[in-house]
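Heads up: the structure comes next, in structure tokens.
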Amino acid sequence: MKLFAIILIGILAGFVIWGTNDLPERGDPGSPASTGVSTYYIENAYTDSKTPNMVTAVLADYRGFDTFGEAVVVVAAGLSCLLILLRRRRREDGTEGGLFSQADAEKAARMAAGKGLYGDDT
Amino acid sequence: MTSRFESVFLFVVARAMVPLIQVFAFYVITHGHYSPGGGFQGGVMLAASIILLRVSMGDESYERFPREAGIVIAGFGALAFALLGFMSMLFGGNFLEYALAVPGMGADELRYWGIFFAEVFIGFLVWGALVAIYDALETGGVE
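Going down the list, the protein sequences come from chains L and X. Each residue of the first sequence is one higher than the one before, starting from 1289 at the first, in this note's numbering. Each residue of the second sequence is one higher than the one before, starting from 6 at the first, in this note's numbering.
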């Protein structure tokens, strides 16, 4: 079974190497990746947005909606971690408490009041 | 809950490193126009500085950066980014087109500042989300 797996991987790797023969040359101006919308970005990124770093211009401007989706995914991951891992506490009277303890809430209130963010409250 | 590991070296070095990491993170976020970097990378560095505080100082770090702050900062970043996108729609542009009608500014300058604020909000968002994930994993739901 192990020998079969090795032979199968070898055959598939052979197909992949065979397939690379049809890839365009590196930096070929006639390749599909260089004839699409990327030439527009390269020619107009600076004049459109005064941003020397073309990558930033594409990331935050031309492809801003895509970046927005990525960012929302990050926030969703954080929220799911909180919701899954932090247990709701029971208050003394048995009702459902919040996600955070009373001490944490007091710390946050102190921080919101502008005290105790760095160092002591003196 | 973690308690502070009593090592003078760890404590002193961490306290010296955290401000430097944070200043460099702000540099990376705000210079996304000119150099490699941007909101995602700078936000990760900000989160790393807070996690270094958590690792080296234990409970004391919760007084400096409370556990709730992570997800609050992430939510602020996401909301501000979304509002920045919708703001251009009020003036007739597309979502995140930065086509705001501010007099005296050309379209390229508006796009410049739009990209800048987008990077800043992404930085906030990644910073808060990563710290929130770390806190949730560290406490593991037990208290």
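Where a beta carbon is used, it is the ideal one built from N, C-alpha and C, also for glycine.
**OP:** Establish whether the CB of residue 1372 of chain L and some CB of chain X are separated by less than 9 angstroms.
**Re:** At a cut-off of 9 angstroms between beta carbons, residue 1372 of chain L contacts chain X.
Subject >> Cβ neighbours of residue 1339 of chain L in the same chain (closer than 7 angstroms, five flanking residues each side left out) >> reply: Only 1333 and 1345 meet the Cβ criterion.
Subject >> Buried or exposed (CB count within 10 angstroms, at least 16 for buried), residue 41 of chain X >> reply: Exposed: under 16 other Cβ atoms inside 10 Å.
Subject >> Distance CB(residue 1360 of chain L)-CB(residue 83 of chain X) smaller than 9 angstroms >> reply: Yes, they are a contact pair.
Subject >> Residues of its chain near residue 1348 of chain L, where Cβ-Cβ distance is below 8 angstroms and the 5 sequence neighbours each way are ignored >> reply: Excluding residues within five positions, the ones whose Cβ falls inside 8 angstroms are 1355.
**OP:** Please classify residue 1339 of chain L: does DSSP put it in a helix, a strand, or coil?
**Re:** The answer is coil: DSSP assigns residue 1339 of chain L none of H, G, I, E or B.
Subject >> Three-pair Cβ contact test at 8 angstroms for the region 57-74 of chain X versus the region 104-120 of chain X >> reply: No, the region 57-74 of chain X is not in contact with the region 104-120 of chain X.
Original post:
Given 8 angstroms as the limit, is there contact between the region 43-55 of chain X and the region 19-33 of chain X, that is, 3 or more CB pairs closer than that?
Top reply: The region 43-55 of chain X vs the region 19-33 of chain X: in contact.
**OP:** Output yes or no for whether 9 angstroms exceeds the beta carbon distance between residue 131 of chain X and residue 49 of chain X.
**Re:** Going by beta carbons, residue 131 of chain X and residue 49 of chain X fall inside the 9 angstroms limit.
Original post:
If you run the structure through DSSP and keep just helix, strand and coil, what is residue 104 of chain X?
Top reply: Here residue 104 of chain X sits in coil by DSSP.
**OP:** Taking C-beta pairs closer than 8 angstroms, name the residues in chain X that residue 1332 of chain L reaches, listed in chain order.
**Re:** The contacting residues do not exist; residue 1332 of chain L stays about 10 angstroms from chain X at best.
Original post:
Do you know how far the Cα of residue 141 of chain X is from the Cα of residue 1370 of chain L?
Top reply: The alpha-carbon of residue 1370 of chain L is positioned some 6 angstroms away from that of residue 141 of chain X.
**OP:** Please classify residue 1325 of chain L: does DSSP put it in a helix, a strand, or coil?
**Re:** Residue state, collapsed to three classes: coil.
Original post:
DSSP state of residue 1408 of chain L, grouped into three classes?
Top reply: Per-residue confidence for residue 1408 of chain L stands at a pLDDT of 48, beneath the threshold of 50, marking its modelled position as unreliable; the derived number appears in the next sentence. Three-state result, residue 1408 of chain L: coil.
Subject >> Where residue 138 of chain X falls, given that 16 or more other Cβ within 10 Å makes a residue buried >> reply: With 16 or more Cβ atoms within 10 Å of its Cβ, residue 138 of chain X is classed as buried.
**OP:** Along the alpha helix (DSSP H) that carries residue 1312 of chain L, what are the first and last residues, could you check?
**Re:** First-last for residue 1312 of chain L: undefined, no H or E at that position.
Original post:
Taking buried to mean at least 16 other C-beta atoms within 10 Å of its own C-beta, is residue 148 of chain X buried or exposed?
Top reply: Note that residue 148 of chain X has pLDDT 44, beneath the 50 cutoff, so the model's placement of it is unreliable and the number below is only indicative. Classification for residue 148 of chain X: exposed.
**OP:** Tell me where the alpha helix (DSSP H) around residue 54 of chain X begins and ends.
**Re:** Per DSSP, the unbroken alpha helix (DSSP H) holding residue 54 of chain X starts and ends at 44-62.
Original post:
Nearest-angstrom Cα distance between residue 24 of chain X and residue 119 of chain X?
Top reply: Each residue's alpha carbon lies about 28 angstroms from the other.
Original post:
Under the three-state reduction of DSSP, which class applies to residue 1366 of chain L: helix, strand or coil?
Top reply: Assigned with DSSP and collapsed to three states, residue 1366 of chain L falls in helix.
**OP:** Could you work out which residues of chain X lie near residue 1362 of chain L, taking near to mean beta carbons separated by less than 7 angstroms?
**Re:** Near residue 1362 of chain L (Cβ distances below 7 angstroms), the residues of chain X are 130, 131 and 134.
**OP:** Go ahead and pull the three-state DSSP assignment for residue 110 of chain X.
**Re:** The answer is coil: DSSP assigns residue 110 of chain X none of H, G, I, E or B.
Original post:
Can you find a CB in chain L that lies within less than 9 angstroms of the CB of residue 101 of chain X?
Top reply: At least one CB of chain L lies nearer than 9 angstroms to the CB of residue 101 of chain X.
Subject >> chain L contacts made by the region 110-125 of chain X, where a contact means CB separation under 8 angstroms >> reply: Using a CB distance below 8 angstroms, the part of the region 110-125 of chain X facing chain L consists of 112, 113, 114, 116, 117, 119, 120, 123 and 124, ordered along the chain.
**OP:** Would you please state the rounded distance, in angstroms, between the beta carbons of residue 133 of chain X and residue 78 of chain X? I believe it to be under 8 angstroms.
**Re:** Your pair residue 133 of chain X and residue 78 of chain X checks out as a contact, with CB atoms roughly 3 angstroms apart and the cut at 8 angstroms.
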